[in-house]
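Working notes, structure below.
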Amino acid sequence: MSADPAGDADEAARFHALLKDFEGRPAASGGRAKDLVNEPMIRHWCEAMGDTNPAYTGPDAIAPPTMLQAWTMGGLSGHGDRSYAYDELLALLDGAGCTSVVATDCEQEYLRPLRPGDAVTFDAVIESVSPRKTTKLGTGHFVTTRMDVHANGEPAGTHRFRILKFAPAQRAAQKRPPATRRPRPVINRDNQGFWDGVREHKLLIQRCTACATLRFPWLPGCHACAGPDWDTVEASGAGTVFSYVVMHHPPFPAFDPPYAVALVELAEGVRIISNITGVPYDKVRIGLPVRLEFLRVDEDLELPVFRGSEG
Amino acid sequence: MRVGDALPQLEIPVTRTLIVAGAIASRDYQDVHHDAELAREKGSPDIFMNILTTNGLVGRYITDHLGPTATLRKVAIRLGAPNYPGDTMVLTGTVTALDGDTAEIGVVGANGIGYHVTGTVTVSLDAREAGE
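Residue numbers (the working numbering), protein chains in the order written: chain A, 1 to 311; chain B, 1001 to 1132.
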């Protein structure tokens, strides 16, 4: 915290003016791709992406259009194409504590397909530098560059790219210390059978053998008839969200707020507290149909969770 | 194809292998995409998927559905919640505009912690597909 917020704002404005001077200056000029467009790199890309589009193989193959930026990458050895202005801008941001970087936006337009043998060249300009912004990751500046990509001298595409150069929020580093693991369940004689079931990917519900009432969570006796004897029924896995809360605060070690904690009503009628996967925390709703799955949290903990579908 | 049509969803298991293979195939050697220890030092809980891989997966999602005769014209994406190992990203798409043989498709990729990607893809369709 600054003792003088007005002075801090002035300082931020002065620094932003300095950054804005870089707008319009080149980020790369006369850049040359290290490799001609080629089949092996296309194949490696398709393998990684799981992309089996036949347009990317065979004698008339084109490169996947979304590879556009990949051809311009410096790789491990980097390339000298990055202009002095761009380096200077990043150094200025590093100096202000914005040492981390994350890409936030990528907008590409494809003017003509790239084919094996094409020589790719590129020029890029620093389009804009944002005022200081505070994001979930930390505080920093968005830097937008625009690149024109040519193949054998012909326009092949444009690539607008935005990064956030930021000072990581302290919170982020504390949020999940490496050794933090989810809390372990307390397993005792009363609930051993439940966790044995989870290990076999079964969600077991207790059933009173005297009156057939289902009960969950596991308890030593029947709440309907007080009978001590029980067997189990395997849940079908279908359920709906009966109720939920979204955890924002306080953060607990090994958990990453915000996240939804739901009370799921199983098709069998009993309810279980769990997490919802596959749906963002702010899209969880009462009545959302969900299906049981097992989430491996770490090498020796697996938990029953519920996958929702937004459809 | 009509405006408002939904594309079938595509589930992408976000494995460590996918994150690393995608980073290397896109020639992105930033340590946060392959080295968990260094990623943690930078305030991230683990390695995370790079934007080029997300871009590739969005392109694949569209052409998987529309077939090899569809041509990608524009892909514009914004990243939100990072794709960390062990998560699943579910891609969904909706046709938002149709003009002759050109369609615009809104794409969302949701993971366990929020929206990883939101974006718009402009694609030229095979004439037969557009005419239907």
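Cβ coordinates follow ideal geometry from the N, Cα and C atoms, glycine included.
What residues are listed by DSSP as bridge partners for residue i?
i               : result
residue 108(A)  : 159(A), 1075(B)
residue 265(A)  : 240(A), 271(A)
residue 1099(B) : 1102(B)
residue 100(A)  : 166(A)
residue 146(A)  : 125(A), 160(A)
residue 1111(B) : 1114(B)
For the beta strand (DSSP E) that residue i lies in, which residues bound it at each end?
i               : result
residue 1121(B) : 1114-1124
residue 275(A)  : 271-277
residue 234(A)  : 230-234
residue 1005(B) : Careful: residue 1005(B) lies outside any beta strand (DSSP E) and carries neither H nor E.
residue 361(A)  : The structure shown has nothing for residue 361(A), since chain A only spans 1 to 311.
residue 288(A)  : Here residue 288(A) belongs to no beta strand (DSSP E), and DSSP marks it neither H nor E.
residue 204(A)  : 204-208
If you follow the alpha helix (DSSP H) that residue i is part of, which residue opens it and which one closes it?
i              : result
residue 49(A)  : 39-49
residue 194(A) : 192-199
residue 94(A)  : 84-95
Helix, strand or coil: which one does DSSP assign to residue i?
i               : result
residue 71(A)   : helix
residue 1012(B) : strand
residue 53(A)   : coil
residue 32(A)   : strand
residue 1080(B) : coil
residue 256(A)  : coil
residue 15(A)   : helix
residue 141(A)  : strand
residue 298(A)  : strand
residue 168(A)  : strand
residue 20(A)   : helix
residue 304(A)  : strand
residue 312(A)  : The requested residue 312(A) is not part of the displayed model; chain A covers only 1 to 311.
residue 283(A)  : helix
residue 315(A)  : A question about residue 315(A) goes unanswered here, because the residues of chain A that appear run from 1 up to 311.
residue 1017(B) : helix
residue 1066(B) : helix
residue 975(B)  : Since the displayed chain B opens at 1001 and closes at 1132, residue 975(B) lies outside it and no answer follows.
residue 134(A)  : strand
residue 213(A)  : coil
residue 226(A)  : coil
residue 66(A)   : helix
Cβ-heavy atom distance between residue i and the ligand NAP below 6 Å?
i               : result
residue 1043(B) : Inclusion of the ligand NAP in the displayed structure is not the case, the ligand content being empty and no account of it being possible.
**Asked** For the segment 186-211 of chain A, which residues have a beta carbon sitting closer than 8 Å to at least one beta carbon of chain B?
**Response** none
**Minimum length 4: unbroken alpha helix (DSSP H) runs contained in the segment 1020-1062 of chain B** = 1036-1041
**Message:** By the 9 Å beta-carbon criterion, what residues does the segment 1032-1063 of chain B contribute toward chain A?
**Reply:** 1032, 1036, 1037, 1040, 1041, 1042, 1043, 1044, 1045, 1046, 1048, 1050, 1051, 1052, 1053, 1054, 1055, 1056, 1057, 1058, 1059, 1060, 1063
**Prompt:** Along the segment 285-298 of chain A, what residues have a CB closer than 9 Å to any CB found in chain B?
**Reply:** 295, 296, 297
**Request:** Taking a Cβ distance cut-off of 8 Å, strictly less, list which residues of the segment 20-49 of chain A are near chain B, in chain order.
**Result:** 41, 44, 45, 47, 48, 49
**Item:** Chain-ordered residues of the segment 1093-1114 of chain B with a beta carbon less than 7 Å from chain A
**Value:** 1110, 1112, 1113, 1114
**Request:** Give the residues from the segment 1067-1088 of chain B that approach chain A closer than 7 Å (Cβ to any Cβ), ordered along the chain.
**Result:** 1068, 1072, 1073, 1074, 1075, 1076, 1077, 1078, 1079, 1088
**Message:** Tell me which residues of the segment 85-111 of chain A have at least one Cβ-Cβ distance to chain B shorter than 7 Å, keeping chain order.
**Reply:** 100, 103, 104, 105, 106, 107, 108, 109, 110
**Request:** Anything in the segment 262-286 of chain A with a Cβ closer than 9 Å to a Cβ of chain B? List those residues in chain order, please.
**Result:** 275, 276, 277, 278, 279, 280, 281, 282, 283
**Asked** If you measure beta-carbon to beta-carbon, which residues of the segment 232-256 of chain A are closer than 7 Å to chain B?
**Response** 256
**Item:** Under 7 Å (Cβ pairs) to chain A, residues found in the segment 1001-1017 of chain B
**Value:** none
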